[in-house]
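Peer 1: Structure in structure tokens, see below.
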Amino acid sequence: MINIGRVKIKEVAKKAGVGVGTVSRVLNKREHVSSATKERVIEVIKELDYQPHAIARSLSSKKQIQ
């Protein structure tokens, strides 16, 4: 299946074999993620060329984009 458009965090999680929360923890440099899992998630992020969506991040964190 060819994905047209932006890669979603769910796609990264599925390909890495982890949950969306784990991908979020890796992206936000939070604790409680093993180094092996972190490396796998980062590899998938690079492979899929995942770019966090700035507006979605702003909405979820309730911070304003400047």
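Each residue of the sequence shown is one higher than the one before, starting from 1048 at the first, in the working numbering.
Yeah, the Cβ is synthetic: ideal placement off N, Cα and C, and Gly gets one too.
Just so we're clear, the structure is a prediction, and the values are computed from it rather than from any experiment.
At the level of alpha carbons, what is the spacing between Gly1068 and Asn1075?
Peer 2: Within the sequence shown, residue 1068 is the residue found at index 21, counting from 1. Within the sequence shown, residue 1075 is the residue found at index 28, counting from 1. Spanning the two alpha carbons is a distance of roughly 10 Å.
Peer 1: To the nearest angstrom, how far is it from the Cα of Val1059 to the Cα of Arg1087?
Peer 2: The residue given as residue 1059 occupies position 12 in the sequence shown. The residue given as residue 1087 occupies position 40 in the sequence shown. Between Val1059 and Arg1087, the C-alpha separation is close to 10 Å.
Peer 1: Keeping to the same chain, check which residues put their C-beta closer than 8 Å to that of Val1044; ignore five residues upstream and five downstream.
Peer 2: The first residue shown for the chain is 1048 and the last is 1113, placing residue 1044 beyond what the model contains.
Peer 1: Quick one: what's got a C-beta closer than 7 Å to Pro1099's C-beta in the same chain, skipping five residues either side?
Peer 2: Here residue 1099 corresponds to residue number 52 of the sequence shown, with the count starting at 1. Only Leu1074 meet the Cβ criterion.
Peer 1: If we call anything under 9 Å between Cβ atoms a contact, is Lys1062 one with Glu1094?
Peer 2: Start at 1 with the first residue of the sequence shown, and residue 1062 comes out as number 15. Start at 1 with the first residue of the sequence shown, and residue 1094 comes out as number 47. Yes, the Cβ-Cβ distance between Lys1062 and Glu1094 is below 9 Å.
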